[in-house]
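Asks: Numbering (this note's numbering), first residue to last: 805 to 1219. Each residue gets a CB set at the ideal place from its N, CA and C atoms; glycine is no exception. Please read these numbers as outputs of a predicted model, since none were measured by experiment. First, the structure itself, so that you have it in front of you.
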Ligand SMILES: Cc1cc2nc3c(=O)[nH]c(=O)nc-3n(C[C@H](O)[C@H](O)[C@H](O)COP(=O)(O)OP(=O)(O)OC[C@H]3O[C@@H](n4cnc5c(N)ncnc54)[C@H](O)[C@@H]3O)c2cc1C
């Protein structure tokens, strides 16, 4: 960008999903002039409402990010459900080998927290609106991006409004218009599976346990939610997902009971069901001059270990760290060295997580008895081998490796 030019904003974030809305709060906190473009504003639940169907299991690292930004408070926390125990087993074999993770084993109160996606979005946007520090261009749909010869990014919205920024961040989800408009391709595959989600209730007392059984078509999982119910994520073939969606409630509950072998008690009620296509997809690159992608716009992973939103929040922390250290050197947020530092920090973790989820999906989808026997032995071994189990827990909690400052625990904020 030529010296002396001052665009309207330092950063325009396109998409106020969990990643984009959190990013905007973090950018404001480091003093950047920020705008957010979003066409669909959240419709969050209010106190007393039943849990919404779309939830995310947040790792400790993600929770630290929200704590450091002052977002881990109010209704979000009141309705966050701690996961004290995870019980995972292989459904393809009669002896059903299993692995159990307990927070107490590692001296923690929770392995993860289940939060409602819409509540996080709403909390972040409310914080931005209250502070008046960021401009919320919403509802508005981005339709065009151009990079001027001086390096300034010009964005145009469907309603004809336009603005200029030093950096455009595409946090606009799996179909990312920013990625498409920037001519960045993707690679990966569709799983030919759908994730069926619903809030369900069983007749057993809530225990803070998350249950997951691996079936040949995909895992069926129950995550505890704040009112004693569970959020169901059932990954299965599109035909089965369609059949599940059409079943009368009682038959659906019975089929779920059978799939879970009654582990969580008898399922007595199921709320409305929704289905989402599942992919393993990565952008061919996630930065170019004046542009960065993060969250699902950059990478989509199978939800079997609940990592998608966590990856997006770690992207947020890494991008903010790269912009902040660039600013100390006098670099603008859209300059390539700044963005490449962000991309380098996230590359291996995002890739490894996607490949691991893909590997689990393949291994547990295998019908070959030898593979089934081997994976049963693997689960049993991991359950007994403490160093390996500890490694798996630390990894799932996002506490492994070098974390960007925003994802580290601030001692005065832990609760
Ligand atoms: C069934 C299922 C279960 C899951 N469970 C978990 C879990 O337990 N834990 C976990 O960590 N992850 C989980 N995930 C993954 C997680 O939901 C996603 O990774 C996360 O929601 C992605 O957030 P995002 O902000 O990157 O994108 P999105 O949530 O897709 O947000 C993108 C935003 O961009 C906006 N937008 C798009 N185009 C435009 C435009 N042209 N102009 C303006 N705005 C635009 C959209 O309206 C949207 O608000 C699950 C996913 C599925 C499918």
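Does the Cβ-Cβ distance between residue 976 and residue 818 come in under 8 Å?
Replies: yes
Asks: Kindly provide the ranges of any beta strand (DSSP E) runs that are 3 or more residues long and lie completely inside the stretch 851-880, ordered along the chain.
Replies: 859-862
Asks: On the three-pair Cβ rule with 8 Å, is the stretch 1136-1144 touching the stretch 985-1003?
Replies: no
Asks: Looking at residue 949 and residue 973, is the spacing between their C-beta atoms short of 8 Å?
Replies: no
Asks: Within the same chain, show all residues whose beta-carbon is closer than 7 Å to that of residue 1203, passing over the 5 residues directly before and after it, in chain order.
Replies: Excluding positions up to five away in sequence, the list reads 864 and 865.
Asks: Would you call residue 854 buried or exposed, if buried means 16 or more other Cβ atoms sit within 10 Å of its Cβ?
Replies: Burial call: exposed.
Asks: Go to residue 1206, then tell me how far its alpha helix (DSSP H) extends in each direction, as first and last residue.
Replies: In the DSSP assignment, residue 1206 falls outside any alpha helix (DSSP H), carrying neither H nor E.
Asks: Counting beta carbon pairs with one atom in the stretch 1081-1097 and one in the stretch 1149-1169, are three or more of them shorter than 8 Å?
Replies: yes
Asks: Grab me the residues of residue 847's own chain with a C-beta within less than 7 Å of its C-beta, minus the 5 sequence neighbours each way, in chain order.
Replies: 922
Asks: What is the rounded straight-line gap between the Cα of residue 906 and the Cα of residue 1201?
Replies: 12 Å
Asks: Report the three-state DSSP secondary structure of residue 1213 (helix, strand or coil).
Replies: coil
Asks: Using a threshold of 7 Å, is the CB atom of residue 822 nearer than that to any non-hydrogen atom of ligand 2?
Replies: In the structure shown, ligand 2 is absent; the only ligands present are ligand 1.
Asks: Checking 8 Å against the spacing of the C-beta atoms, do residue 814 and residue 969 come in under that value?
Replies: yes
Asks: Taking 7 Å as the line, does the beta carbon of residue 975 fall inside it for any heavy atom of ligand 1?
Replies: yes
Asks: Touching or not, the stretch 1051-1063 and the stretch 919-939, by the rule of three or more beta carbon pairs under 8 Å?
Replies: no
Asks: How would you label residue 1207, buried or exposed, when you count the other beta carbons within 10 angstroms and need 16 or more for buried?
Replies: buried
Asks: Beta-carbon separation of residue 953 and residue 917 under 8 Å?
Replies: no
Asks: Check whether the Cβ of residue 1154 sits closer than 7 Å to any heavy atom of ligand 1, and report yes or no.
Replies: no
Asks: Can residue 1306 and residue 1073 be called in contact, C-beta distance under 8 Å?
Replies: Nothing about residue 1306 can be read from this structure; the chain reaches only from 805 to 1219.
Asks: Tell me which same chain residues have a C-beta within less than 7 Å of the C-beta of residue 1120, skipping the five on either side of it?
Replies: 823, 826, 827, 830, 869 and 1098
Asks: Thinking C-alpha only, which one of 999, 1047, 812 and 1195 is nearest residue 1035?
Replies: Looking at 999, 1047, 812 and 1195, the one whose alpha-carbon comes closest to that of residue 1035 is 999.
Asks: Once DSSP output is grouped into helix, strand and coil, what is the label at residue 843?
Replies: coil
Asks: In this structure, how does DSSP classify residue 1218 when only helix, strand and coil are distinguished?
Replies: Bear in mind that the predicted position of residue 1218 carries a pLDDT of just 47, short of 50, making it unreliable; the figure below should be weighed with that in mind. Here residue 1218 sits in coil by DSSP.
Asks: Decide if residue 821 is buried, meaning its Cβ has at least 16 other Cβ atoms within 10 Å, or exposed.
Replies: buried
Asks: Less than 8 Å between the CB atoms is what I'm expecting for residue 915 and residue 890, so what's the real figure, rounded?
Replies: With a Cβ gap of about 6 Å, residue 915 and residue 890 count as contacting.
Asks: I think residue 1131 touches residue 1149, with their Cβ atoms under 8 Å apart; what is that distance to the nearest whole Å?
Replies: Not really, about 16 Å apart at Cβ, beyond 8 Å.
Asks: Comparing the CB of residue 1101 with every heavy atom of ligand 1, is any distance shorter than 7 Å?
Replies: yes
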